[in-house]
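Undergrad: One structure, as structure tokens, below. Some questions next.
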Amino acid sequence: MSDPAQSLPRQIWPDDFAARYRAEGYWRGETFGGFLRARAAAHPERIAVSDAVNRWSYGEVLARAEAAAGGYMALGLQPGERVLVQMPNVATFLPAVFGLFLAGLIPVYVLPAHRKTELEHFARRSGAKAVVTLDQFDGFAYPAMAAEVRDLVPELAHIIVAGEAGPHISFDSFGQKPEAFPQVDPSAVAFLQISGGSTGLSKLIPRTHDDYIYSFAASGPICGLSEASVYLCALPAAHNFPMSSPGIFGTLYAGGRVVMAPNPAAETCFRLIDEERVTLTGLVPPLALLWMEAAPKSRHDISSLEVLQVGGAKFVAEAAARVRPVLGCRLQQVFGMAEGLVNYTRLDDAEEIIVQTQGRPISPADEVLILDDEGNPVAEGTPGHLLTRGPYTIRGYHNEPAANARSFTPDGFYRTGDIVKRLEGGYLSVQGRAGDHINRAGEKISAEEVEEHLLAHGSVFDAAVVSIPDDFLGERICAFIVPRGEKPKGSEIKAFMRKRGLAEFKVPDQVVFVPEFETTAVGKVSRKVLRARLREEFMKKEA
Ligand code: OOB
1 MSDPAQSLPR QIWPDDFAAR YRAEGYWRGE TFGGFLRARA AAHPERIAVS
51 DAVNRWSYGE VLARAEAAAG GYMALGLQPG ERVLVQMPNV ATFLPAVFGL
101 FLAGLIPVYV LPAHRKTELE HFARRSGAKA VVTLDQFDGF AYPAMAAEVR
151 DLVPELAHII VAGEAGPHIS FDSFGQKPEA FPQVDPSAVA FLQISGGSTG
201 LSKLIPRTHD DYIYSFAASG PICGLSEASV YLCALPAAHN FPMSSPGIFG
251 TLYAGGRVVM APNPAAETCF RLIDEERVTL TGLVPPLALL WMEAAPKSRH
301 DISSLEVLQV GGAKFVAEAA ARVRPVLGCR LQQVFGMAEG LVNYTRLDDA
351 EEIIVQTQGR PISPADEVLI LDDEGNPVAE GTPGHLLTRG PYTIRGYHNE
401 PAANARSFTP DGFYRTGDIV KRLEGGYLSV QGRAGDHINR AGEKISAEEV
451 EEHLLAHGSV FDAAVVSIPD DFLGERICAF IVPRGEKPKG SEIKAFMRKR
501 GLAEFKVPDQ VVFVPEFETT AVGKVSRKVL RARLREEFMK KEA
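Following full-length UniProt numbering, the numbering of the sequence shown begins with 1 at its first residue and continues without gaps.
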């Protein structure tokens, strides 16, 4: 059988672009391992990361990462091979992934919320040889799930577990630093990030050392980072936003300190902000709303918080305007995507820009096109499709020729699927999106993927999944179902979805039974039109 990931490219940009990005100083030939070594040499004693049980200096993180690299290499894992990483927000996340980087291995970042079906998909798509995970978190046993997936995907040979490893390989017993580390090429793929899956299943996003390090190094000054910064990682660390905008990597790059929050609940995080004197954190809009609810009643002192970033989904202006008065910190809006482009409002922007826009790109080399349906540029202030190209935006997904033909133009622009308006000064205002995915509290869910699972239920004749605007979540998932024979209960459908081994955030929030779906004289209407009409009808009834 061919290894689907054999073809991991050494460089994903055409030569002329790569040469330009180097010449202009965006790509500096740094690697993840290299920058951690440099920081550990410069300030070995300074604290790099803490969680509820551990508190490690830069020197300790490096030593643990080197020992991890030795452990991975002793298993026979070879540079360029992929390793699934499914770790919640714990300090061990850092030695686990920096160990992979030092060994030339390629992390594939799986969310803690992902379940068996998704883990199997990522294992197959990436051709991963191993998984690194935690014994348990929040009552869930990750190693048992990994073992089930290994039984289905034999290439996934090694299960490496931090904490109680049981019959598996113990991450904590990795102690031997290797005699020599492999040479790592900064222009090579460093890791695979997971796409939100706008159509069908999640795709793998190849990011290089050069491009990703540029994105978080350049984010540092925009987000006011310094050695004195303390970043609270409240969202799952595997998400692109808390990982690199500027997130944990940007904070370490700047020589600051990362605090891992076990969950993003207001009380958990307020306590950590108080105890650790946190200066910066990032949230999705629903969490920002909850924090604003909770702050006036909290007994914790959150006055150290200088900046609250909000992104991942549209933060409405009315809520954005309340951040400063209620939480006593500045707001920074972040509009980014795991495929690359990240926009920030600047800390010194006028209040109106901070509240009303989703920011402007990081880089002078970010190219932004806003086009009408025919592909012509629209006037400033007119909504259109956002396309982008630049020094940290990928040119293609990993091994997805069909999706790549749809999602990228022949000259390398990524079709984001977002509908935006460009305002004066290059600021963007997100208006909506062209695609059919659901943005549920910042998690992107493919309607198609959920429909496929619903159709596997014996009593489901047909299913269409749509997003419904939701005051709290931004959007919720509504499944319209045409039953086959006797109508099942909505709760039964939800339980069925959970049993399919899916992340909880993909389970429909609402199930609506309808006798049939509309057809035209010629036959079925397209899924896209059907979803749009179902949403419209439903919203009319709700109003
Ligand atoms: C972030 O990354 P992804 O890959 O989970 O999702 C990207 C999509 C964007 O294409 C857009 O549709 C939506 O999420 N989005 C926003 C937004 N930020 C992201 N829509 C409206 N307003 C915003 N502020 O979500 C992500 C990656 C890096 C930094 C921040 C967010």
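A virtual CB, placed ideally from N, CA and C, is assigned to each residue, including glycine.
When you compare the CB positions of S50 and M337, do they come within less than 8 Å of one another, or not?
TA: Taking 8 Å as the Cβ cut-off, S50 and M337 do not qualify as a contacting pair.
Undergrad: Just tell me which of A69, A254, K116, F93 has its CA closest to the CA of G104.
TA: It is A69.
Undergrad: I want to check one thing, is the minimum distance from the CB of K524 to the heavy atoms of the ligand NAP below 7 Å?
TA: Among the ligands present in this structure, namely the ligand OOB, the ligand NAP is not found.
Undergrad: Skipping 5 residues on each side, what residues in its chain have a beta carbon closer than 7 Å to that of R124?
TA: The residues are V153.
Undergrad: At what residues does the alpha helix (DSSP H) containing S215 begin and finish?
TA: S215 -> alpha helix (DSSP H) spans 209–222.
Undergrad: Go to Q356, then tell me how far its alpha helix (DSSP H) extends in each direction, as first and last residue.
TA: Segment 351–356, the alpha helix (DSSP H) holding Q356.
Undergrad: Examine the Cβ distances between the stretch 106–113 and the stretch 71–87 and report whether three or more of them are shorter than 8 Å.
TA: Segments in contact, yes.
Undergrad: Any heavy atom of the ligand OOB inside 7 Å of the beta-carbon of G396?
TA: Not so, every heavy atom of the ligand OOB lies at least 7 Å from the Cβ.
Undergrad: Quick one: is residue 571 buried, meaning 16 or more other Cβ sit within 10 Å of its Cβ, or exposed?
TA: Beyond the ends of the chain as shown, which are 1 and 543, falls residue 571; an answer cannot be given.
Undergrad: Tell me the DSSP bridge mates of W56?
TA: Partner(s): V49.
Undergrad: For D470, which residues in the same chain have their Cβ closer than 7 Å to its Cβ, ignoring the five residues on either side in sequence?
TA: So the qualifying residues of the chain are R476.
Undergrad: Between Q176 and A74, is the Cβ-Cβ spacing less than 8 Å?
TA: Closer than 8 Å, so yes.
Undergrad: Out of R389, A441, A402, point me to the one whose CA is closest to T416's CA.
TA: Among R389, A441, A402, the Cα nearest to that of T416 is on R389.
Undergrad: Counting beta carbon pairs with one atom in the stretch 220–229 and one in the stretch 198–207, are three or more of them shorter than 8 Å?
TA: Judged by Cβ distances under 8 Å, the stretch 198–207 makes no contact with the stretch 220–229, as fewer than three pairs qualify.
Undergrad: Please return the same chain residues whose Cβ sits closer than 7 Å to the Cβ of V316, not counting the five positions on each side in sequence.
TA: Same-chain partners within the cutoff: there are none.
Undergrad: I'd like to confirm the pairing. Which residues does DSSP put opposite S229 in its beta bridges?
TA: Partner(s): none; S229 has no beta bridge.
Undergrad: Helix, strand or coil for M497 per DSSP?
TA: Of the three classes helix, strand and coil, the one that applies to M497 here is helix, per DSSP.
Undergrad: Smallest Cα separation from R277: which of S304, A288, T251?
TA: For the residues S304, A288, T251, the minimum Cα distance to R277 belongs to S304.
Undergrad: With which residues is L369 paired in a DSSP beta bridge?
TA: Answer is L387.
Undergrad: Could you round the C-beta distance between R271 and H300 to whole angstroms and report it? I think they count as a contact, below 8 Å.
TA: Contact holds; Cβ gap of about 6 Å.
Undergrad: Per the DSSP calculation, K524 is bridged to which residue(s)?
TA: Answer is T519, bridged to K524.
Undergrad: Are three or more beta carbon pairs between the stretch 483–498 and the stretch 456–465 nearer than 8 Å?
TA: Taking 8 Å as the limit for Cβ pairs, the verdict is that the stretch 456–465 does touch the stretch 483–498.
Undergrad: Roughly how many whole angstroms lie between the Cα atoms of E352 and I419?
TA: Looking at the two C-alpha atoms, the distance is approximately 21 Å.
Undergrad: Ordered along the chain, which non-local residues of its own chain (more than five positions away) have a Cβ less than 6 Å from that of M145?
TA: Correct list, in chain order: K116.
Undergrad: Work out the CA separation of D16 and F249 for me, nearest whole Å.
TA: Rounded to whole angstroms, F249 to D16 spans 28 Å at the Cα level.
Undergrad: Quick one, which of H121, I302, V334, H168 has its alpha-carbon nearest Q358's?
TA: Nearest C-alpha to Q358: V334.
Undergrad: For M1, which residues in the same chain have their Cβ closer than 7 Å to its Cβ, ignoring the five residues on either side in sequence?
TA: For M1, the predicted model reports a pLDDT of 40, less than 50, meaning its position is unreliable and no value from the coordinates is stated.
Undergrad: Under 7 Å: does the beta carbon of R433 sit that close to some heavy atom of the ligand OOB?
TA: Under cutoff, so the answer is yes.
Undergrad: Starting from the N-terminal side, write out each stretch of the beta strand (DSSP E) that is 3 residues or longer and does not extend beyond the stretch 88–130.
TA: Here the runs fully enclosed are 106–109.
Undergrad: Looking at the secondary structure, which residues open and close the alpha helix (DSSP H) in which S407 lies?
TA: Looking at the DSSP string, the run of the alpha helix (DSSP H) that includes S407 is 401–407.
Undergrad: Report whether the distance from the Cβ of S219 to the nearest heavy atom of the ligand OOB is below 7 Å.
TA: Not under cutoff, so the answer is no.
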